[in-house]
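Those sequence lines, one after another, are chains A and B. First residue of the first sequence: 1409, per my numbering; consecutive thereafter. First residue of the second sequence: 1409, per my numbering; consecutive thereafter. Below is one structure, written out as C-alpha cells; the observations come after it.
Number of protein chains: 2
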Amino acid sequence: MSLPGRGSEPAPRGAARRELILEAALRVVGEVGPDALTHRRVAAEAGLPLAATTYWFASKADLLAEAYGLAAERDVARVRALADELGDAGAAQIAATLARLVAAEVSGGRTAVIAAYALWIEAARRPELRGIERGWTDAYAAVVEELLVRAGTRRPALDARLVVAAIDGLQLEQLARDDPERAAERMVPALERLVGALIAG
Amino acid sequence: MSLPGRGSEPAPRGAARRELILEAALRVVGEVGPDALTHRRVAAEAGLPLAATTYWFASKADLLAEAYGLAAERDVARVRALADELGDAGAAQIAATLARLVAAEVSGGRTAVIAAYALWIEAARRPELRGIERGWTDAYAAVVEELLVRAGTRRPALDARLVVAAIDGLQLEQLARDDPERAAERMVPALERLVGALIAG
DNA sequence: TCCGGATCGGGACGCATGGCCCAATCATTG
DNA sequence: CAATGATTGGGCCATGCGTCCCGATCCGGA
C-alpha cells in the first residue's frame, strides 16, 4: 500500500506524521467504527491539529483505504515471521503455534483485531475496498498453505482456506467473550484438532 | 427475545409495526452500519413517520438489542429447520446441505448477513450485547453438533465449534467477493472436506 | 352509543458535529 | 535574509440528530 518508497527517504517530518495518522485511524475504527472516522476524531486520537488529516489525506476514503492496507501488511508480516521461525515443525506444533499467535492478537491487540473485522465488513459494503481484503486473505492463506504443505497436507489450497476461515471464525467467537486471556486455551485445541484431522485425511 | 406471547394475540395494529421497525433496523445495520441506526433513518426505511420509532422503542440501544435478537432467532430457526429436514443423512450430505444454506444466505440475503457480522463486531465493543451473540452462536453450534453426532463424530462439541467457525470465516470470505452467486460452489467443497476430515479422524 | 386510553402523525426547537476553507505561522533552502 | 512550501488554528455554514409537543385517530369496554 504505502510500501514502495518507504525507507528511501528518512521520513523527514511529514512522513512520520502520515503513519501516526494511519495508526490513529485504525484505533478509531477498532474502538468506535468506520463511521466515526472523522477528521476531527482521528486528529484528536493522533494528538495532532485538525488540519493535519486533511493535509495528508485527500479524503476520508483514502485514509480508510490506506489504513486498511497498513493493517493487512502488518498482519501478514506477523504470520510470515512466525512461519519462518517454525521451520519444519510437525502438524501439532504448527497448529498450536498458530493458535497461540491469533489468540495473543485477540487478547493483547483486541482493538486492532476488531478494526480488522470492522474493515472487512466495510469491504463487504463498498466494492472498492474488496481488493484490499482479498489481498490480505490471500496473502495470509498463502503463508498457511506453506505451513500445511510442510506438515504434509494432500489438499494444500483447500485446507489453507479452511484453516484461515476457522481462524477468523474462532477469533470472532473470542471477541464476543469477556475473558480474552483464555483465548489461547480455547483456540489451541480447536486448531490442533482441525489441522490434525486435515493432515490425517 | 420477543418469542413468548407471539401468536397469542393476532398482532393488532401496533405489534406488527414493531416488527416492521425491527426489520428496517436490520436493513439499516446491514446497508450502512450500526452507527446509522437513527430514529429518522429507521423510520424512513420502514416507511413510517418519525414518531413511530420513538413510540415503540425507548432508546436506540433497545432497538438495536431487539433487532439483534430477532436476527439470531430467525437464523437459528433456519438451521434447525434444515437439521430436521436432513434426518439421518451421511456426512457428505450434511456438509453439502449446510454449505448450500449458508451460501444461499450470502447470495440472497446479503444485507442480512452483513448485518449479522456488523452486530457481532458491535458486540465485541459493547459488553451488554455479548450475551445475545453468545446465545446465537451457542444455539447454532448446538444444531450443528446434533448433525455431527448423527454423522458419527468422536468430538461433537469441539467439532461443532470448528464447523461453526469455519462457516463464519467462509461467509466472511464470500462477502468480500463480487460474485456471490458462486458462493455455493466455493463453500460446498470446503465444508465437505472439513466435515469429512473431522468424521474420519 | 359513548368514552378514555392507546396509537399515530407532522412539525419545530436546540444542540452537536462535520467538512471545508483561508489567513497566519513556521522551517528549510538557496 | 528572503522565499517557498509545509503546517497550523480557527471560523463558517450546512446537516442531521434527539426530543418534545399537540392534535388527530383508532378501538375495545361500559
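Note that the Cβ used here is the ideal one computed from N, Cα and C, for glycine as well.
Under the Cβ distance rule, Asp1470/B does not count among the residues neighbouring chain A, no pair being separated by less than 8 Å. With a cutoff of 8 Å on beta-carbon distance, Ala1503/A and Val1603/A are scored as near each other.
Chain-ordered listing is empty here: chain B has no CB closer than 9 Å to the CB of Leu1445/A, the nearest sitting near 10 Å. Put simply, the backbone Cα of Ala1491/A is about 36 Å away from that of Val1551/B.
Under the 8 Å criterion on CB atoms, Tyr1525/A is classed as interfacial with respect to chain B.
As the crow flies, the alpha-carbon of Gly1516/A is around 28 Å from that of Val1521/B. Under the rule that a run must span 4 or more residues, the alpha helix (DSSP H) segments found entirely inside the region 1457 to 1493 of chain B read 1458 to 1464.
In this structure, Val1484/A lies away from Tyr1525/A, with their beta-carbon atoms at least 8 Å apart. Taken in chain order, the complete alpha helix (DSSP H) segments of 4 or more residues contained in the region 1549 to 1585 of chain A are 1564 to 1583. Below the 9 Å Cβ cutoff, chain B contributes no neighbours of Trp1464/A, its closest Cβ being approximately 24 Å away. The Cβ atoms of Val1514/A and Ala1591/A sit closer than 8 Å to each other.
Counting only Cβ-Cβ distances below 9 Å, Pro1535/B has contacts in chain A at Asp1586, in chain order. Glu1541/B and Ala1469/A have their C-alpha atoms some 30 Å from each other.
Here Gly1455/B is exposed: its Cβ has fewer than 16 other Cβ atoms, across all protein chains shown, within 10 Å. Inclusion of Ala1499/A and Ile1429/A in the CB contact set at 8 Å is not warranted, their separation being larger than that value.
Around Arg1486/B, no beta-carbon contact reaches into chain A at under 9 Å, the shortest distance being about 18 Å. Note on geometry: alpha-carbon atoms of Ala1460/A and Ala1433/A lie some 13 Å from one another. Excluding residues up to 5 positions away in sequence, Val1436 lie with their Cβ nearer than 6 Å to the Cβ of Arg1449/A in the same chain.
Going by beta carbons, Arg1601/B and Arg1563/A fall inside the 8 Å limit. The Cβ atoms of Leu1445/B and Leu1471/B sit closer than 8 Å to each other. In this structure, the alpha-carbon of Glu1536/B lies about 13 Å from that of Gly1543/B. Setting aside the 5 residues that flank it on each side, Val1557/A is surrounded in the same chain by Pro1564, each with a C-beta closer than 7 Å to its C-beta; the list follows chain order. By the CB criterion at 8 Å, Asp1576/B and Gly1438/A fall outside the cutoff. Thr1545/B counts as buried, since no fewer than 16 other beta carbons sit within 10 angstroms of its beta carbon. Of the candidates Glu1427/A, Asp1496/A, Thr1505/A, Glu1427/A places its Cα closest to the Cα of Leu1478/A. For the region 1574 to 1602 of chain B, the set of residues with a beta-carbon nearer than 8 Å to any beta-carbon of chain A comprises Ala1574, Ile1575, Asp1576, Gly1577, Leu1578, Leu1580, Glu1581, Leu1583, Ala1584, Arg1585, Asp1586, Pro1597, Ala1598, Arg1601, Leu1602, in chain order. For Ala1503/A, the enclosing alpha helix (DSSP H) starts and ends at 1499 to 1516. With respect to the C-alpha of Arg1569/A, the residue from Glu1581/B, Ala1451/B, Val1572/B having the closest C-alpha is Glu1581/B.
When C-beta distances to chain A are compared with 7 Å, the residues of the region 1501 to 1523 of chain B below that value are Ile1522, in chain order. Its Cα nearest to that of Ala1531/B, the residue Tyr1476/B stands out among Val1487/B, Tyr1476/B, Gly1609/B.
Taking the C-beta atoms as reference points, Asp1586/A is found nearer than 8 Å to Arg1538/B. Contact annotation for Glu1541/A against chain B: Ala1584 [CB-CB distance below 7 Å, chain order]. For Leu1606/A, at least one C-beta of chain B is nearer than 8 Å to its own C-beta. With a contact defined as Cβ atoms closer than 8 Å, Gly1609/A and Ala1605/B qualify at about 4 Å.
By the criterion of a C-beta distance shorter than 7 Å, Trp1464/B is surrounded in its chain by Arg1425, Arg1426, Ile1429, once the five residues flanking it on both sides are discounted. With a threshold of 8 Å between beta carbons, Val1437/B makes no contact with chain A.
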